[in-house]
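Residue numbers for the sequence shown follow our numbering, so the first one is 37 and each next one is one higher. Yeah, the Cβ is synthetic: ideal placement off N, Cα and C, and Gly gets one too. Below is one structure, written out as structure tokens, with a few remarks after it.
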Amino acid sequence: MTRVTILPHPDACPDGLALEIKPGKVLCDALLAAGVEIEHACDGVCACSTCHVIVREGYASLAPATDDEEDQLDEAWGLTPTSRLACQIKVGESPISIELPRYSLNHAREHE
């Protein structure tokens, strides 16, 4: 099992969380199964950017983003050099730490 640390987020995960996730599992699916309320408007098919996460530790251990993922990330709010889509990250053998951005594209549209 691989340790995945979710940093505190005021809505989706107020206290933060440390999970043990089986390598090969899709991060978004694992977060949802653990009760983390991450947005996922396209249901994990890499057609939006609502499951945008920032990988704070362990980024180099992840498989590189595909061109499709990079294209979707261009639409994400608060993009950083270590931004990824949770629906496209397969948990590996190395621990990672992620931050859920405060806002997503859906959140911004809902509050305009």
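Start and end residues, alpha helix (DSSP H) containing residue i
| i | result |
| --- | --- |
| G68 | It should be pointed out that residue 68 corresponds to Leu in this sequence rather than to Gly. Residues 63 to 69. |
| L109 | 103 to 109 |
N- and C-terminal bounds of the beta strand (DSSP E) containing residue i
| i | result |
| --- | --- |
| L121 | 119 to 121 |
| E135 | 132 to 135 |
| L98 | Careful: L98 lies outside any beta strand (DSSP E) and carries neither H nor E. |
| E93 | 88 to 93 |
| E56 | 53 to 57 |
| V40 | 38 to 42 |
Nearest candidate by alpha-carbon position, reference residue i, set the options
| i | options | result |
| --- | --- | --- |
| D104 | T116, C84, T118 | C84 |
| W113 | E129, V89, Q124, A122 | V89 |
| S130 | C49, P50, L55 | L55 |
| P100 | A77, E111, G128, A70 | G128 |
| R138 | D65, L68, C87, Q108 | C87 |
| E98 | Q108, C78, K126 | Note on residue identity: the sequence assigns Leu, not Glu, to residue 98. The candidate whose alpha carbon is nearest that of L98 is K126. |
| Q124 | T116, H76, R92, P117 | H76 |
| G71 | R120, D110, L53, L43 | L53 |
Exposed unless 16 or more other CB atoms sit within 10 angstroms - verdict on residue i
| i | result |
| --- | --- |
| V81 | exposed |
| G94 | buried |
| P59 | exposed |
| A122 | buried |
| T102 | exposed |
| E135 | buried |
| A1 | Because residue 1 is not part of the residues shown, which for the chain are 37 to 148, the question remains open. |
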